[in-house]
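**Q**
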Amino acid sequence: MMDIGSDLPQATVDRIRDSFARQGLMSLLGAELGQIKAGLVTIRLPFRQELTQQHGYFHAGGTASIADSAGGYAGFTLFPENTSVLTVEFKLNLVNPAQGDWLEAEGRVIKPGRTLTICQLDVWGVTPERRTHVATGLQTLIRVQDKSA
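Residue numbers for the sequence shown follow full-length UniProt numbering, beginning at 1 and rising by one.
Rendered as structure tokens:
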């Protein structure tokens, strides 16, 4: 297994990019993959009025969606070929209003496992001038055998 934060083989990066491209919700939201490292993935969500709640902040549903996917892909970077990932559960605390030019979610593996993997989820609201922590949480992932294998 690779060290968390180390470089990944191109095949692993391609597998994550291909999987992300198949996620209809990420496409609908306009989310973009950012950094991909072993045990760490970031996802960026540019601001659009359609993604807001009644006060003009990013809606918690969008915030939670990119946090969940960032954590899922962080775990997926450590999974062997012919396996896939599903979220078992996650909890997200909203610690500040989600505002900015974009949101950036970071999923980071804190406990890899053969079956269950635990990830830390953090989301920031970003402008050119500042980066504000807007959400933090934990996630449990399960590694499953890829049905196409």
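For each residue, glycine too, the CB sits at the ideal point set by N, CA and C.
Do the CB positions of residue 99 and residue 125 come within less than 7 Å of each other?
**A** Yes.
**Q** I need the boundaries of the alpha helix (DSSP H) containing residue 120, first residue and last residue.
**A** From DSSP, residue 120 is part of no alpha helix (DSSP H) but of the beta strand (DSSP E) over 116 to 126.
**Q** Return the bridge partner residues of residue 89 from the DSSP annotation.
**A** According to DSSP, residue 89 bridges with 140.
**Q** Given residue 111, which residues of its chain have a CB within under 8 Å of its CB, disregarding the five upstream and five downstream residues?
**A** Cβ neighbours of residue 111 beyond the five flanking positions: 117 and 118.
**Q** Is the number of C-beta pairs between the region 66 to 81 and the region 29 to 43 that are closer than 8 Å three or more?
**A** Short answer: they touch.
**Q** If distances are taken between C-alpha atoms only, which option among 34, 143 and 127 comes closest to residue 151?
**A** Because the chain in this structure spans residues 1 to 149, residue 151 falls outside the shown range and cannot be described.
**Q** Which residue wins for smallest C-alpha separation from residue 96, given the options 123, 75 and 106?
**A** It is 123.
**Q** I'd like the list of long-range same chain contacts for residue 7, defined as Cβ closer than 8 Å, with 5 residues on each side in sequence excluded.
**A** For residue 7, where only same-chain residues beyond five positions count, the Cβ hits under 8 Å are 37 and 38.
**Q** In chain order, what residues of the same chain lie with their CB nearer than 8 Å to the CB of residue 13, ignoring the 5 residues before and after it?
**A** Contacts found: 36.
**Q** Going by the beta-carbon positions, is the gap between residue 88 and residue 76 smaller than 7 Å?
**A** Not a contact, by the Cβ cut-off of 7 Å.
**Q** Rounded to a whole number of angstroms, what is the C-alpha to C-alpha distance between residue 109 and residue 66?
**A** Their Cα atoms are separated by approximately 16 Å.
**Q** Tell whether a beta-carbon distance below 7 Å holds between residue 64 and residue 45.
**A** Going by C-beta atoms, residue 64 is not nearer than 7 Å to residue 45.
**Q** For residue 58, collect the residues of the same chain with a Cβ closer than 6 Å to its Cβ; drop the 5 residues on either side in sequence, then sort them by chain order.
**A** 51, 98 and 103, listed in sequence order.
**Q** Taking all protein chains shown into account, do 16 or more other C-beta atoms lie within 10 angstroms of the C-beta of residue 74, making it buried, or fewer, making it exposed?
**A** By the neighbour-count rule (16 or more Cβ atoms within 10 Å), residue 74 is buried.
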